[in-house]
Amino acid sequence: MGNPRYVLRNILVPIILAIAIFFLLHALVPSSVVMSSSMEPSLNVKQRILISKVAYHFHEPERGDIITFYPHGNQETVPFIKRIIGLPGESVEIKQGIVYIHNKDGNVLPLDEPYIKEVPSHPF
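All letters in the sequence shown, in the order written, are residues 3 to 126 by this note's numbering.
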């Protein structure tokens, strides 16, 4: 065990690899804590989640995806965690507790999911 090659190969290399993997994963898949009840029952307050920073390099966001973003682009704040309901070129309308999507073709489609518990009081 006192052999320098043994120490290097069996102790230092695995430790260095573990540290490198930790930092790589932390950079590509950071974690966050859910700070509000707005995503219940899907996500609960104080639940820790992992965030993929590379997912949308491979495909476009889809309706129903859960995303994180910083309000007004201010990364000094806590990130918001929300579900995508409307896609680019669409508008969203809430009538009598039902969410409607006005798509690019002019069609109005009700969503099957009961996403909205209450009318939002803040702009996004």
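Glycine included, C-beta positions come from ideal geometry on N, C-alpha and C.
Computed from a predicted model, the values in this text were never measured in an experiment.
* To do: Per DSSP, which residues does GLU78 bridge with? Please list them.
  => Answer is none; GLU78 lacks a bridge partner.
* Asked: Do three or more CB pairs link the stretch 74-86 to the stretch 29-45 at distances below 8 angstroms?
  -> yes
* Asked: With HIS104 and GLU115 assumed to form a contact (beta carbons below 8 angstroms), what rounded beta-carbon distance in angstroms separates them?
  -> Not a contact, Cβ separation roughly 17 angstroms.
* When you compare only the Cα positions, how much space is there between ILE86 and ARG11? -> 48 angstroms
* Over what stretch of residues does the alpha helix (DSSP H) that includes VAL9 continue unbroken? -> 6-9
* To do: Helix, strand or coil for HIS61, going by three-state DSSP, please let me know.
  => coil
* To do: Identify, in the order they occur along the chain, each residue of the same chain with its Cβ nearer than 6 angstroms to the Cβ of ASN5, setting aside the five sequence neighbours on each side.
  => Closer than 6 angstroms at the Cβ level, and outside the excluded window around ASN5, lies no residue.
* Asked: Residues bridged to HIS104 by DSSP?
  -> SER93 and VAL110
* To do: Provide the residue(s) that pair with LYS84 in DSSP beta bridges, ordered along the chain.
  => ILE69
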